[in-house]
Amino acid sequence: MKHYAKHSTWLRAASLYLWIFVALLTSANTSAMAATLYVSPDGNDSSQGTLAAPFATVEKAVSVAVVGDSILLKRGGNWDETVSLQLDGNATNHLTLGAYGAGEPPIIFGLNIGGNHAVVRELIVDHRGETGDALTVRSAVNVSLIELEIRNGSKDGIDVDKADGLLVDSCEIHHFLAGSYANQVDAHGFVATDSSDIVIRNVEIHHVSGDSIQTDPDRDTNTPDNILIEDSHLWTGPLQSNFNQWNAGEVPGENAIDTKMVKSNWDAVPRMRITIRNVTAHGWMPGYISNRAAFNLKEKIEAVLDGVTVFDNEQAFRIRGTRGNANVTIMNSVVFDNDKAVRAEDNLANLNIYNSTFGNARINHFQIVAGDNSASWDLGNNAFLNDLPTVAVNDSSNLLAFNDDFSDPDTGAFHLLPNSPLIDQGDTIGLVQTDIEGTPRPQGNGYDVGAYEYVQGTGNTPPSARFGYGCAALTCSFTDNSIDSDGSITAWFWDFGDGATSSSPNPSHNFAGAGSYPVSLRVTDNDGSTDVTVQSVTVNTSPPPPPPPANGIDFNAYPLSAFANQDLQGSAT
C-alpha cells in the first residue's frame with residue numbers, strides 16, 4: 002500500500018507538470034501565431050488578407066480571425082458595414098480592430114462588440130443619420146475604445162450593457178439627434194446599464210438631443226457603479242447645418258450628465274459611485290426642455306466632482322433628494338455665467354462644496370425647491386463674486402469676492418492676484434489636497450479661498466488671455482487684448498465654438514447661424530506658458546432696432562402683449 006501511494010503521488014505530480022507545460026506551450030504558440038489581417042476598398046475577399054493582398058470587406062476578415070489577431074482597415078477607406086466582434090480574449094491575447102496606412106481614419110457604419118477584451122482604435126463610426134445605436138457593447142468585459150470618432154445618428158452614440166471594465170479614451174461623439182427641437186426625443190452620446198468600473202477619459206461629446214452621458218436608463222436593479230469621467234469636454238451649441246428634423250441654429254441637448262437609478266425598491270440597491278474630474282461643461286441654456294442643467298445629479302448616488310468648470314447653462318448643478326438622495330461633493334471647481342449655480346430639490350441633504358469659485362450668476366447662486374434641508378450641507382473655502390448667498394454665511398471661510406481679486410473674471414479667468422484677501426484665509430480641509438490645477442495646498446500660511454491656490458512667482462509669469470469683439474449680423478471681428486507682464490505673446494489659437502479655428506492675433510469669423518457660441522482664445526508666451534479664456538459670443542441675423550429719438554418720444558407702433566407671472570422654479574422632470 003505504501004508503494005502504491007508513492008507511485009500515485011508521483012503520477013499526480015507528473016500530470017500536473019505536463020499540464021502546465023502544455024498550457025504554456027499553447028499560450029506561446031497562440032501568441033506566436035497571431036496574425037495581422039488587412040482590409041482595403043480595392044482588396045479581394047478571395048485573397049489572403051495580407052498587406053500585399055488585402056481583403057475587401059471587414060466581415061471577411063472577422064470571419065477568419067482568431068483571438069490574438071489584429072484587423073487593420075486602410076486609412077481613407079469607407080465600409081457600409083456594421084462590424085461584429087464576438088471573439089473572447091484576455092488581457093494579453095485579444096482581438097484588435099484598427100487602421101493602417103496614411104490619411105483620414107477608416108470609416109464604418111456601425112460596430113457591435115460582444116467579445117471580452119476587444120480593442121478598437123483609430124476608426125470613425127459614421128451612422129449617416131440612421132436609427133439604431135452606432136456602437137454597442139453587450140455582455141463583454143474589459144473592452145477598450147480608443148481614438149474613435151462616433152457621429153451622425155438618431156439614437157445613441159455608444160450604448161453599453163454588462164460591460165464591466167470598459168475604457169473609452171480620446172474619443173469624440175457628436176450629432177446624435179432624434180425628434181426635433183419642438184418634439185423632444187432622446188438620443189444620447191454615451192449610455193451605460195448594468196456595468197461597473199467604467200472609465201471615460203479625454204472625450205468630447207456635443208450636439209446630442211438627449212444627454213451627453215446617461216446612466217441606467219432602464220432603471221432596473223442591476224445599477225451601474227464605480228464610474229470615472231475625467232479630462233473631458235461636454236458641450237452643446239447652435240447647429241451649423243440642418244440634421245434630420247433639426248434646423249441650423251437650434252441648440253439640442255438636455256444635460257451633460259444625467260444619473261438615473263432604480264425607481265422601485267431603490268432602498269434595496271447599493272449607492273452608485275461616480276467621480277467627475279477635470280471636466281468642462283457648457284451650453285445648456287434655457288429652452289428645449291424645462292430646467293436644463295449641465296449636471297443633473299439625482300437619486301441614490303455618491304458623486305464627487307473635482308476640478309469641473311461649468312458656464313453658460315440654465316443651471317450648473319441640478320441636484321435632487323428623491324429616492325435615497327444624491328450625496329454630492331463639489332470641490333476645486335469654477336462656476337460662472339449660469340442662470341443658477343445650484344438648484345437643490347426635494348429636501349436635498351449632504352451637499353458638500355469646498356474650495357470652489359463662483360463667478361456671476363445671472364439669477365442667483367442657489368435655488369432651493371420643494372423642501373429646504375440646507376442645514377445638513379457643508380460649504381467651506383468658497384469664493385462668491387459680488388454676492389455671498391445665505392447658505393454660505395454660516396462658515397466664515399466662505400468669502401465675498403470682487404473683480405479685483407481675480408486675473409480676469411469677465412472672461413472666466415479666476416486665478417488669484419497677488420494682493421487678494423482670499424489668499425491664506427481658508428480652513429484646512431483634509432479632502433482637498435490640491436487646487437484645480439493640481440497645485441498642492443496650502444502654498445502659504447493657510448489654504449486660499451476658491452478653486453485656485455496662489456503661487457508666488459519664481460520664474461516666468463504666465464500670460465493672461467483676454468479678448469474683445471464686435472459683431473455685425475453673423476460676422477464678428479475679434480481683438481486680442483492679452484497681457485504678458487514679463488515677455489510677449491507669440492502664438493494665438495482661437496476656437497469659435499462652431500468647429501472653426503484661427504491662429505491669427507485678430508481674426509474675423511462668419512458664423513453660419515444666429516445663436517450664442519463659446520469662443521475661446523489660448524495664448525502662448527515666449528517662454529512657452531499658456532492661458533485660456535472663454536466668452537459667450539451672441540450673433541443675430543438682423544441688427545437691433547434703432548434707439549428712440551433724443552427727446553424721449555417714440556412714435557413707433559408696437560403690438561400689445563399680455564404678461565403673466567412666471568414660475569421661476571419650473572417643474573421637475
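Converting from the sequence shown to the working numbering requires adding 1 to each position, the first position being numbered 1.
We put the beta carbon where it would ideally sit given N, CA and C, even for glycine.
Just so it is clear, the structure is predicted and the values come from calculations on it, not from any experiment.
Secondary structure at Glu205: strand, using DSSP grouped into helix, strand and coil. Assignment of Trp267 by DSSP, reduced to helix, strand and coil, places it in the helix class. Judged by beta-carbon spacing, Phe367 lies beyond the 8 Å limit of Phe337, meaning their Cβ atoms are not closer than that value.
Of Pro55, Pro42 and Ile151, the smallest CA-CA separation from Val121 is found for Ile151. Nearest to Leu38 by C-alpha distance, out of Ser64, Leu73, Ser47 and Gly69, is Leu73. Between the segment 55-67 and the segment 115-133 there are fewer than three C-beta pairs closer than 8 Å, too few to call the two in contact. Between Ser48 and Gly78, the C-beta spacing is not below 8 Å.
In the DSSP annotation of this structure, the continuous segment of the alpha helix (DSSP H) that includes Val65 starts and ends at Val59 to Val65. Residue environment analysis places Glu438 among the exposed positions, since fewer than 16 neighbouring C-beta atoms fall within 10 angstroms of its C-beta.
Apart from the 5 residues on each side of it in sequence, Gly451 sits with its Cβ closer than 6 Å to the Cβ of Thr358, Ala384 and Leu423 in its chain, given in chain order.
Excluding its 5 nearest sequence neighbours in each direction, Gly471 has C-beta neighbours in its own chain below 6 Å: Ser478, listed in chain order. With respect to the C-alpha of Gly111, the residue from Leu475, Trp80 and Glu123 having the closest C-alpha is Trp80. Taking a C-beta distance under 8 Å as the contact criterion, Leu178 and Ile159 do not qualify as a contact pair.
By the C-beta density criterion, Phe296 is buried, having at least 16 other C-beta atoms within 10 angstroms. In the three-state DSSP reduction, Val394 falls in the coil class, being neither helix nor strand. Annotation: the segment 507-550 contains the following complete segments of the beta strand (DSSP E) (minimum length 3 residues), in chain order: 509-511, 516-526 and 531-540. Residue state for Ser140 is assigned as coil, using DSSP reduced to three classes. Note on geometry: alpha-carbon atoms of Asp526 and Phe468 lie some 15 Å from one another.
By the beta-carbon neighbour count (other beta carbons within 10 angstroms, threshold 16), Gln457 is exposed.
Pairing Asn351 with Asn374, the inter-Cα distance amounts to about 9 Å. With 16 or more other Cβ atoms inside 10 Å of its own Cβ, Gly360 counts as buried. Sorting Leu240, Thr194 and Ala100 by C-alpha distance to the C-alpha of Val138 places Thr194 at the top.
In this model, Ser421 and Leu349 are separated by some 34 Å (Cα to Cα). Note: Cys172 is not bridge-paired with any residue in the DSSP secondary-structure output. Taking C-beta atoms as the reference points, Val209 and Pro253 count as a pair closer than 8 Å. Per the coordinates, the alpha-carbon of Met262 lies some 30 Å from the alpha-carbon of Ser85. In terms of CA proximity to Val126, Glu105 leads the group Glu105, Leu389 and Phe244. Between Gly69 and Ala35 the beta-carbon gap is near 4 Å, inside 8 Å, which marks them as a contact. Contact between the segment 298-311 and the segment 327-336 is established, with three or more Cβ pairs separated by less than 8 Å. In summary, Asn243 is exposed, with fewer than 16 beta-carbon neighbours lying within 10 Å of its beta-carbon over all protein chains present. Only residues of its own chain outside the window of five on either side were considered, and among them Arg321, Val370 and Ala371 have a CB closer than 6 Å to the CB of Glu346, listed in chain order. Rounded to the nearest whole angstrom, the CA to CA distance from Asp532 to Trp495 is 12 Å.
Among the bridge pairs identified by DSSP, Asn256 is matched with Asp212 and Ala294. Following the DSSP letters along the chain, one finds Leu235 inside the beta strand (DSSP E) bounded by residues Asp226 to Trp236. Contact between the segment 218-237 and the segment 194-205 is present, with at least three C-beta pairs closer than 8 Å.
Beta-bridge partners of Gln368 (DSSP): Arg344.
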